[in-house]
Amino acid sequence: MKVDGGTVTINSGGTYVISGELSNGRIVVNAPKADVRLVLSGASITSSDGPAIDIQDAGDAIVVLAKDSKNTLTDGASYASGQEATAALFSSDTLTVTGTGQLDVTGSYKDGISSKNGLIITGSSTINVKAADDGLRGKDYLVVESGTLTVEAGGDALKSSEDNDETKGFISLGKASITLTSSDDAIAATTDVTVKDTTLTITAGGGQANATIEEQAPPGQESTADSTTPSPKGINAGVSYTQDSGTVTINAADEGLQAPFINVAGGELSIAAGDDGINASNGDHVIEGHENADSESDDGSVLTISGGEVEVSYASSDGIDSNGSAYVKGGIMVVSGQAGEMDGAVDANGETQLVGVTGSPSVSAGDTLTVTDSSGSQVASVKVDFTAAAITVLGLTEGQQYTVATSSGGSATGTASALSAGMGGPMGGGQGGQGGPGEQGGQPGGDPGQPPSGGQQPGNQNGQSSSQSSTAQSS
Numbered sequence: 011m012k013v014d015g016g017t018v019t020i021n022s023g024g025t026y027v028i029s030g031e032l033s034n035g036r037i038v039v040n041a042p043k044a045d046v047r048l049v050l051s052g053a054s055i056t057s058s059d060g061p062a063i064d065i066q067d068a069g070d071a072i073v074v075l076a077k078d079s080k081n082t083l084t085d086g087a088s089y090a091s092g093q094e095a096t097a098a099l100f101s102s103d104t105l106t107v108t109g110t111g112q113l114d115v116t117g118s119y120k121d122g123i124s125s126k127n128g129l130i131i132t133g134s135s136t137i138n139v140k141a142a143d144d145g146l147r148g149k150d151y152l153v154v155e156s157g158t159l160t161v162e163a164g165g166d167a168l169k170s171s172e173d174n175d176e177t178k179g180f181i182s183l184g185k186a187s188i189t190l191t192s193s194d195d196a197i198a199a200t201t202d203v204t205v206k207d208t209t210l211t212i213t214a215g216g217g218q219a220n221a222t223i224e225e226q227a228p229p230g231q232e233s234t235a236d237s238t239t240p241s242p243k244g245i246n247a248g249v250s251y252t253q254d255s256g257t258v259t260i261n262a263a264d265e266g267l268q269a270p271f272i273n274v275a276g277g278e279l280s281i282a283a284g285d286d287g288i289n290a291s292n293g294d295h296v297i298e299g300h301e302n303a304d305s306e307s308d309d310g311s312v313l314t315i316s317g318g319e320v321e322v323s324y325a326s327s328d329g330i331d332s333n334g335s336a337y338v339k340g341g342i343m344v345v346s347g348q349a350g351e352m353d354g355a356v357d358a359n360g361e362t363q364l365v366g367v368t369g370s371p372s373v374s375a376g377d378t379l380t381v382t383d384s385s386g387s388q389v390a391s392v393k394v395d396f397t398a399a400a401i402t403v404l405g406l407t408e409g410q411q412y413t414v415a416t417s418s419g420g421s422a423t424g425t426a427s428a429l430s431a432g433m434g435g436p437m438g439g440g441q442g443g444q445g446g447p448g449e450q451g452g453q454p455g456g457d458p459g460q461p462p463s464g465g466q467q468p469g470n471q472n473g474q475s476s477s478q479s480s481t482a483q484s485s
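By the numbering used here, the letter at position 422 of the sequence shown is numbered 432, and the numbering carries on one by one without gaps.
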């Protein structure tokens with residue numbers, strides 16, 4: 011170990027306990043192929059012109075937050091020239107942060123915590139990050155297994171950006187409590203995002219209330235929307251989003267959730283969005299067999315809801331928008347909002363399996379919405395955080411009668427039917443007693459296709475394609 015002014019350089023493997031205050035300096039690790047463990051035990055490190063901790067070369071790099079300790083890392087708003095680092099806590103190799111203490115990180119230059127390889131957060135620690143750009147960035151992958159994580163980011167809150175290897179660029183969230191506030195996307199992954207047993211709360215771009223609503227151009231005319239305008243999404247995955255448990259709450263100025271393959275099999279998912287609530291589209295990812303798809307044809311994307319409770323509120327565009335197929339085969343989905351005449355609760359270019367009712371009960375923010383069947387048995391109860399002009403409930407049994415009632419006194423009754431999801435205006439419906447639209451339209455799709463395999467943390471499967479139904483009804 012070498013000390014040069016305020017710079018402490020570790021050049022051999024081992025465990026190092028760091029405590030006390032370093033007001034203008036940094037910890038540098040340069041120990042090629044050696045395993046280095048840094049134990050922060052009441053450490054406060056501030057650097058004026060670089061990262062607080064700079065792991066330049068190591069084998070396994072682990073930062074341990076000692077029990078009951080409080081630690082702070084702060085970097086400079088500008089870095090000296092020639093530095094590779096971009097974060098207050100930076101690693102050129104895979105970095106694991108674990109332990110049971112607390113870590114407060116301020117990324118004044120760009121990022122809060124960043125690894126050029128993988129980044130893993132585990133243990134029962136409490137980590138708070140404020141960053142000028144990205145909060146946490148694992149280029150190859152980002153895994154948050156457990157603990158409590160709070161991020162405020164001027165860019166993306168959580169990010170994985172590797173785009174040259176389809177098995178990388180993924181984000182996996184486990185049994186953690188995560189709160190994200192971002193100016194851009196809250197979660198941005200090149201490939202897959204997986205949620206399992208996570209309590210996740212997202213505010214992106216100031217939320218739905220901060221949405222910029224563009225007027226839709228008439229058919230045949232170009233939109234006047236500025237392509238340079240920021241479009242903060244709650245979750246933006248390049249290949250797939252998978253959730254089988256947990257509680258996810260998204261409030262986004264643009265789309266709430268976007269990915270080519272979306273599969274919700276359990277848990278709770280609540281979305282308030284300024285644009286589409288859920289958008290299944292291939293974006294920059296071209297799906298095999300759909301290379302020439304345009305905005306009005308099936309691009310191979312697949313949205314599947316097979317379990318859980320999904321609530322979507324949209325301010326403009328569509329509640330659910332799939333450029334490919336859309337299936338609600340289980341669980342319950344409530345879609346609400348009021349948009350322009352070209353938009354509606356559900357829009358899909360390919361095959362659909364959507365059975366439900368649409369009505370117009372009076373819905374006020376804070377209402378509890380209850381769905382009961384003809385025998386009076388409760389099918390679902392959802393608290394809504396929005397005021398809506400129309401409600402669509404999906405995941406019901408075709409031919410059965412349901413009543414949708416709100417705690418403020420609104421009520422609508424209808425018979426569940428296969429709802430249309432075409433490219434035109436909003437889905438029909440009516441005041442109490444009106445069911446869903448009876449006529450089916452849209453475009454039948456072919457084989458929805460499979461996404462490429464991707465998003466695999468060593469030893470674990472993360473990115474799984476959406477399940478598909480061979481019995482899906484064509485709308």
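Every residue, glycine too, gets a C-beta built ideally from N, C-alpha and C.
Please read all numbers here as calculations on a predicted model, not as lab measurements.
- Between Thr132 and the set Leu183, Ala41 and Val403, the nearest pair of CA atoms involves Leu183.
- Around the beta carbon of Ala98, 16 or more other beta carbons lie within 10 angstroms, which makes this residue buried.
- Taking the C-beta atoms as reference points, Gln112 is found nearer than 8 Å to Ser79.
- Lys178 and Thr201 have their alpha carbons spaced roughly 7 Å apart.
- Within the model, the alpha-carbon separation for Ser192 versus Arg147 is close to 13 Å.
- Note on the stretch 158 to 194: whole beta strand (DSSP E) runs with a minimum of 3 residues are 168 to 170 and 180 to 192, in chain order.
- Distance from the Cα of Asp103 is smallest, within the candidate group Gly86, Ile123, Ala390 and Ser427, for Ile123.
- Between the alpha carbons of Gly215 and Asp166 lies a distance of about 10 Å.
- With fewer than 16 other beta carbons inside 10 angstroms of its own, Asn174 counts as exposed.
- Looking at Gln411, Gly369 and Thr158, the one whose alpha-carbon comes closest to that of Thr211 is Thr158.
- Distances from the alpha-carbon of Pro42 to those of Ser135, Gln411, Phe100 and Gln66 put Gln66 closest.
- In the three-state reduction of the DSSP assignment, Ala219 falls in the helix class, which pools H, G and I.
- Look at Ala269 here: in three-state DSSP terms it is strand.
- Exclusion of the five residues before and after Thr382 leaves Gln388, Val389, Tyr412, Thr413 and Ala415 as the residues of its chain whose Cβ lies within less than 8 Å of its Cβ.
- For Tyr412, the three-state secondary structure derived from DSSP is strand.
- Around the beta-carbon of Ala87, fewer than 16 other beta-carbon atoms lie within 10 Å, marking it exposed.
- Of the residues Ala247, Asn261 and Thr189, the one whose Cα lies closest to the Cα of Asn220 is Asn261.
- Per DSSP, the unbroken beta strand (DSSP E) holding Glu321 starts and ends at Val312 to Tyr324.
- Here Leu379 has Val392, Val394 and Thr416 as same chain residues with Cβ atoms under 6 Å from its own Cβ, once five neighbours each way along the sequence are excluded.
- Gly310 is not a Cβ neighbour of Asp328, given a cutoff of 8 Å.
- At the C-beta level, Asp207 and Pro242 stay beyond 8 Å of one another.
- Around the beta-carbon of Lys140, 16 or more other beta-carbon atoms lie within 10 Å, marking it buried.
- About 7 Å separates the Cβ atoms of Ala399 and Ser370, confirming a contact at the 8 Å cut-off.
- Residues of the same chain with a CB within less than 6 Å of the CB of Gly256, apart from the 5 flanking positions on each side, are Val205, Asp207, Thr208 and Gly277 in chain order.
- Residue pairing by DSSP places Thr110 opposite no residue, since no beta bridge is assigned to it.
- DSSP places Thr402 within a strand segment (E or B) once states are collapsed to three.
- Assigned with DSSP and collapsed to three states, Gln363 falls in strand.
- Rounded to whole angstroms, the separation of the alpha carbons of Val249 and Ala68 is 31 Å.
- Counting the other Cβ atoms within 10 Å of the Cβ of Ala76 gives 16 or more, which makes it buried.
- With respect to the 8 Å criterion, Val39 and Ala90 are not classified as neighbours on the basis of their beta carbons.
- Residues Asn138 and Thr189 of the same chain have their beta carbon placed closer than 6 Å to that of Thr160, with the five preceding and five following residues left out of the count.
- DSSP, read as helix, strand or coil, puts Asp202 in strand.
- Here Ser384 has Gln410 and Gln411 as same chain residues with Cβ atoms under 7 Å from its own Cβ, once five neighbours each way along the sequence are excluded.
- In the same chain as Ser418, and ignoring 5 residues on each side of it, the C-beta atoms closer than 8 Å to its own belong to Ser372, Val373, Ser374 and Asp377, in chain order.
- Looking at Ser187, Ala199 and Gly24, the one whose alpha-carbon comes closest to that of Ile181 is Ala199.
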